[in-house]
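Colleague: Pasting in a structure now, in structure tokens, and then I'll have a few things to ask.
Numbering (the numbering used here), first residue to last: 26 to 302.
Right, here's the structure in full:
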């Protein structure tokens, strides 16, 4: 693709980086850190939040450290992937699971959260409830203590009501990926936009949201809550940027979506930290 010239400072809050070449049970598009950096530059993206892909019943310590190492001297901001032991309690099976579940050796502990939070290589956390489940109360308490943002994959198996029950209303920012409706579930995306009126520290991320009217609705109704994410490498960042550029909204709202909102939530994305990453 041609290099985009759009005049905006763009930061990306949803980019997967596979540190081990993608050897695992789930097949995903894999690009090298160098290729990812080139694609981001081509799309005019200044900085990108990066994190390892999710894998079931796996400790993320090695993967998180691998992402952090590959972020050095690149415009990448590493988030640590975490997992949990809880399921949504809106169904009987979830309540039964939670009654008998216990933390295993691969689960994230409160101590892990503290180590990541006070390691200057990491600037937030990421969770996929469909694979990682939800953190228990002990882990949530430490997440509140450290106050770093949590990026959560939302979708049909992790709907807005479940995310709200498990994570929202706490003292750390929650960024719900894909408008809470992956894959392309319009009704869930509308529900998630509605929830922005109830929770002050909840934000929505734009990757894989292909509905123009929903993107425009969120920006017009909640201009401070929408954060651009490319979904790379599954989606080329050029494509993701163009989807936002073609919205029928003001230039100010584009600036907010592309960088201003994310910089308020994730300190490491601000311009004055660029020389340190």
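The beta carbon of each residue, even a glycine, is placed where N, CA and C say it ideally should be.
Keep in mind it's a predicted model, so treat the numbers as computed, not measured.
In chain order, what residues of the same chain have a beta carbon less than 8 Å from the beta carbon of residue 309, not counting five sequence neighbours either side?
Modeller: No information on residue 309 is available, as it lies outside the stretch 26 to 302 that the chain covers here.
Colleague: If residue 175 sits next to residue 152, beta carbons under 8 Å apart, how far is it from one beta carbon to the other, in whole angstroms?
Modeller: For this step, residue 175 is matched to residue 150 along the chain shown. For this step, residue 152 is matched to residue 127 along the chain shown. Yes, they are in contact, since the Cβ atoms of residue 175 and residue 152 sit about 6 Å apart, within 8 Å.
Colleague: Where DSSP assigns a beta bridge to residue 70, which residues make up the other side?
Modeller: Reading the chain shown from its first residue, position 45 is the one you call residue 70. The partner list for residue 70 (beta bridge, DSSP) reads 35.
Colleague: Are three or more beta carbon pairs between the segment 57-73 and the segment 30-41 nearer than 8 Å?
Modeller: The segment 57-73, when compared against the segment 30-41, does touch it at the 8 Å Cβ threshold.
Colleague: May I ask you to list the residues that DSSP assigns as paired with residue 41?
Modeller: As a working mapping, residue 41 is identified with position 16 in the chain shown. Answer by DSSP bridge pairing, in chain order: 76.
Colleague: Quick one: Cα of residue 30 to Cα of residue 68, how far?
Modeller: Locating residue 30 in the chain shown gives position 5, where the first residue counts as 1. Locating residue 68 in the chain shown gives position 43, where the first residue counts as 1. Cα to Cα, residue 30 sits roughly 8 Å from residue 68.
Colleague: My guess is that residue 259 and residue 54 are in contact by the Cβ rule of under 8 Å, so how many angstroms apart are they, rounded?
Modeller: Along the chain shown, read from residue 1 onward, the residue named residue 259 stands at position 234. Along the chain shown, read from residue 1 onward, the residue named residue 54 stands at position 29. About 5 Å; that satisfies the 8 Å criterion.
Colleague: By how many angstroms is the C-alpha of residue 178 removed from the C-alpha of residue 222?
Modeller: Residue mapping note: residue 222 aligns to position 197 of the chain shown, counting from 1. Residue mapping note: residue 178 aligns to position 153 of the chain shown, counting from 1. Residue 222 and residue 178: Cα-Cα distance of roughly 20 Å.
Colleague: Keeping to the same chain, check which residues put their C-beta closer than 7 Å to that of residue 82; ignore five residues upstream and five downstream.
Modeller: As a first step, residue 82 is located in the chain shown; it is residue number 57 there, counting from the start. Excluding positions up to five away in sequence, the list reads 131.
Colleague: Can you tell me which of the three DSSP states residue 62 falls into?
Modeller: Start at 1 with the first residue of the chain shown, and residue 62 comes out as number 37. Looking at residue 62 - three-state DSSP - the assignment turns out to be helix.
Colleague: Would you list the one or two residues that DSSP bridges to residue 111?
Modeller: Translated into positions along the chain shown, residue 111 becomes position 86. DSSP output for residue 111 lists 159 as bridge partner(s).
Colleague: Rounded to a whole number of angstroms, what is the C-alpha to C-alpha distance between residue 297 and residue 123?
Modeller: Translated into positions along the chain shown, residue 297 becomes position 272. Translated into positions along the chain shown, residue 123 becomes position 98. Going from the Cα of residue 297 to the Cα of residue 123 covers about 44 Å.
Colleague: Could you pull the DSSP bridge partners for residue 176 from this structure?
Modeller: By one-based count along the chain shown, residue 176 stands at place 151. Residue 176 is bridged to 151, 200.
Colleague: Could you round the C-beta distance between residue 227 and residue 251 to whole angstroms and report it? I think they count as a contact, below 8 Å.
Modeller: Along the chain shown, read from residue 1 onward, the residue named residue 227 stands at position 202. Along the chain shown, read from residue 1 onward, the residue named residue 251 stands at position 226. With a Cβ gap of about 11 Å, residue 227 and residue 251 do not count as contacting.
Colleague: So, is residue 57 buried or exposed, given that buried needs 16 or more other C-beta atoms within 10 angstroms?
Modeller: Here residue 57 refers to the residue found at position 32 when the chain shown is read from its first residue. Exposed, by the Cβ-count rule.
Colleague: With the cut-off set at 8 Å, would you say residue 101 and residue 150 are in Cβ contact?
Modeller: Here residue 101 refers to the residue found at position 76 of the chain shown. Here residue 150 refers to the residue found at position 125 of the chain shown. No.
Colleague: Starting from residue 230, trace the beta strand (DSSP E) in both directions and tell me its first and last residue.
Modeller: One-based indexing of the chain shown puts residue 230 at position 205. Element bounds for residue 230: 227-230.
Colleague: List the endpoints of the continuous beta strand (DSSP E) containing residue 102.
Modeller: Stepping through the chain shown from its first residue, residue 102 is reached at position 77. Element bounds for residue 102: 101-106.
Colleague: According to DSSP, is residue 51 part of a helix, a strand, or is it coil?
Modeller: Translated into the one-based positions of the chain shown, residue 51 becomes position 26. Bear in mind that the predicted position of residue 51 carries a pLDDT of just 47, short of 50, making it unreliable; the figure below should be weighed with that in mind. In this structure, residue 51 counts as coil in the three-state DSSP scheme.
Colleague: Considering only C-alpha positions, which residue in the set 43, 63, 93 is nearest to residue 77?
Modeller: If you number the chain shown from 1, residue 77 lands on position 52. Answer by Cα proximity: 43.
Colleague: What's the C-alpha gap between residue 219 and residue 229?
Modeller: As a working mapping, residue 219 is identified with position 194 in the chain shown. As a working mapping, residue 229 is identified with position 204 in the chain shown. Whole-angstrom Cα-Cα distance: 11 Å.
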